[in-house]
Structure formats: C-alpha cells, structure tokens
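Residue numbers (my numbering): 104 to 194.
We treat Cβ as the ideally placed atom computed from N, Cα and C, and that holds for glycine.
What you are looking at is a predicted structure, and each value in this text was computed from that prediction instead of being measured.
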C-alpha cells in the first residue's frame, strides 16, 4: 500500500514537472522575481546541485577482539517437579 502511495505521488510530481516544462520551458526563468527551482534543476550541464560526498573518518587504530566469557549457573535450569494429584472426583 505504501509503495502504491509513493508511486502515485511520483507520477503526480512527474506530471506537474512536465506541465511546467511545457508552459515555461527548461531554461532559467523567474516567477515573481524569484528564480524557478524547477527550471534550474532541469539544466543537466553539470552536477552543481549535487553536494559532495562527506569524508568519513578513518579508524585511528585496530580494534582488538576480546573473548566473550559467559558464566551460567546450572541452578537456574533445575527442573520443576510436578505436584502429585489424586484421581478426579466424580459427583
């Protein structure tokens, strides 16, 4: 269901972008003195809108493996003895 909602949203945005490109073209233009972001994003001459990938920090040293020691008390696994019960009562 969520995938269908995203698909419909994507198709609606593609339709709106196509209608905008038909009306105004793909060149830079303004709406009320502001530069149109759709026209600016439509220019594919460079990747100026794509930010550079961040540089991930490198580990300073090696991480030594430490053996895992687990102690388990066998008393916690003692079997539970069932209680004795008598025969069923018939009335």
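- Per DSSP, residue 163 has no beta bridge partner at all.
- DSSP lists 133 as the beta-bridge partner residues of residue 138.
- Where residue 174 is concerned, there is no enclosing alpha helix (DSSP H), because DSSP gives it neither an H nor an E.
- In the three-state reduction of the DSSP assignment, residue 128 falls in the coil class, being assigned neither a helical nor a strand state.
- Residue 131 places its beta carbon 8 Å or farther from that of residue 125.
- Contact between residue 141 and residue 123 holds, with the beta-carbon distance rounding to 5 Å and staying under 8 Å.
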